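In the numbering used here, the protein residues as written are 29 to 398.
Using N, Cα and C, we set each Cβ at its ideal position, and we do this for glycine too.
These numbers were taken from a predicted model, which means no experiment stands behind them.
Inspection log for the structure reproduced underneath, given as structure tokens.
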């Protein structure tokens, strides 16, 4: 069960190390839960995190970590990290587990800027122009446009919708209104993806605290149930690319979705609100399709007709902040708690997904046990 969440203010320059920010976020989440550092005996982090579990435990003064670990694959790591924490608690391997993400991109350059040699799979991609994440996503997007007849307005509507939601969220970085003319007039970043198709670059620190139902009974909190989760990679997956055979255009989410619905006993129509990972706008329509909310190629019409549940209600990675999707997890919890600034109506079940073009996962939070 999720009993505590916390996020430091998002910014372009947070003014502190990832270690400092992560520690403050963890302390804030523990305070939200009514727990203390002395209660923590488990920790999970992103591999890309600048501070190890042992270093964070030492800084905070945690006596002993009975369970600890890390999850790789960038934007794919958020839901799996929380899932690992839930599994540890379910199996009695830890009582109180913290998951955190701290990001300070302002103090360092992009990892691909100074790389002089491409090794491994990179040697077959980077010399040919697939240098940045947006370059790989541009190829996916062009394929989807060709196959399904998407126009740029399909992506523009996603960017505009999330900007409007962000403007109702005081924590969101982006508060300026956006029109379709603004979207279409923005510079091209990697054809066919424009500036507003791309997520923000944000500093931030966030944390989540999970514990057992038994321990929650002693806390003065409104718990959020982890109803179920799933993870998946799909075949021959490397980074953001499936360029090997007929699975071009399919993402690992296609393999996660059936496992998720089987594990939870729920279906897409049971979801009252969703938080889809959104490093780039095309990930939204594709996620609606791959998680079964509509058929293949149907997402643009499905969304235009308003048949979809509310999505990315905080503004997401496009307009609230980009911290590898960890803000989506916190928003998923807020929706069940009823504390979001853009609260959906009568939320019983809240779906959160991680990056769908890398090894990934998804999780369902619920108001009641299911």
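For residue i, does the three-state DSSP call read helix, strand or coil?
i, result
"residue 38", "coil"
"residue 63", "coil"
"residue 398", "coil"
"residue 48", "helix"
"residue 206", "coil"
"residue 95", "strand"
"residue 57", "helix"
"residue 112", "helix"
"residue 363", "helix"
"residue 319", "coil"
"residue 186", "helix"
"residue 123", "coil"
"residue 90", "coil"
"residue 244", "helix"
"residue 225", "helix"
"residue 73", "strand"
"residue 236", "strand"
"residue 84", "helix"
"residue 196", "coil"
"residue 29", "coil"
"residue 389", "strand"
"residue 129", "strand"
"residue 214", "coil"
"residue 330", "helix"
According to the Cβ coordinates, are residue i and residue j closer than 8 Å?
i, j, result
"residue 310", "residue 331", "no"
"residue 226", "residue 152", "no"
"residue 255", "residue 392", "yes"
"residue 53", "residue 35", "yes"
"residue 374", "residue 337", "no"
"residue 296", "residue 320", "yes"
"residue 190", "residue 347", "yes"
"residue 386", "residue 259", "no"
"residue 253", "residue 394", "yes"
"residue 198", "residue 369", "yes"
"residue 340", "residue 223", "no"
"residue 51", "residue 93", "no"
"residue 80", "residue 46", "no"
"residue 97", "residue 388", "no"
"residue 218", "residue 162", "yes"
"residue 42", "residue 232", "yes"
"residue 293", "residue 398", "yes"
"residue 184", "residue 156", "no"
"residue 113", "residue 284", "no"
"residue 328", "residue 178", "yes"
"residue 195", "residue 203", "yes"
"residue 384", "residue 245", "no"
"residue 366", "residue 249", "no"
Rounded to the nearest angstrom, how far is the Cβ of residue i from that of residue j, given a contact under 8 Å?
i, j, result
"residue 266", "residue 381", "So it is not a contact: roughly 20 Å between Cβ atoms."
"residue 77", "residue 129", "7 Å"
"residue 239", "residue 60", "Contact doesn't hold; Cβ gap of about 12 Å is too wide."
"residue 358", "residue 167", "With a Cβ gap of about 31 Å, residue 358 and residue 167 do not count as contacting."
"residue 201", "residue 158", "Actually they are not in contact, since the Cβ atoms of residue 201 and residue 158 sit about 28 Å apart, beyond 8 Å."
"residue 3", "residue 247", "This structure leaves residue 3 out entirely; the chain is present only between 29 and 398."
"residue 230", "residue 38", "5 Å"
"residue 57", "residue 126", "7 Å"
"residue 164", "residue 352", "The Cβ separation is near 16 Å, so there is no contact."
"residue 172", "residue 277", "6 Å"
"residue 372", "residue 363", "6 Å"
"residue 121", "residue 95", "5 Å"
Out of the options, which one is the CA nearest neighbour of residue i?
i, options, result
"residue 99", "287, 71 and 222", "71"
"residue 242", "315, 161, 117 and 206", "117"
"residue 376", "97, 343 and 251", "251"
"residue 237", "48, 109 and 91", "109"
"residue 115", "257, 218, 327 and 396", "257"
"residue 342", "318, 323 and 302", "302"
"residue 279", "174, 169, 84 and 249", "169"
"residue 131", "69, 188, 95 and 48", "48"
"residue 91", "83, 69, 318 and 289", "69"
"residue 75", "106, 175 and 55", "106"
"residue 317", "208, 291, 176 and 396", "176"
Please tell me whether, using a cut-off of 7 Å, the distance from the CB of residue i to the nearest non-hydrogen atom of the ligand MN is below it.
i, result
"residue 307", "Because no ligand of any kind appears in the structure shown, any question about the ligand MN cannot be addressed here."
* Asked: Can you list the alpha helix (DSSP H) stretches of 4 or more residues lying completely in the region 133–182, in chain order?
  -> 161–176
* Residue ranges of each beta strand (DSSP E) run of no fewer than 3 residues wholly in the region 336–360, ordered along the chain? -> none
* Asked: Could you give the uninterrupted runs of the alpha helix (DSSP H) lying entirely in the region 256–314, keeping only those of 4 residues or more?
  -> 281–292
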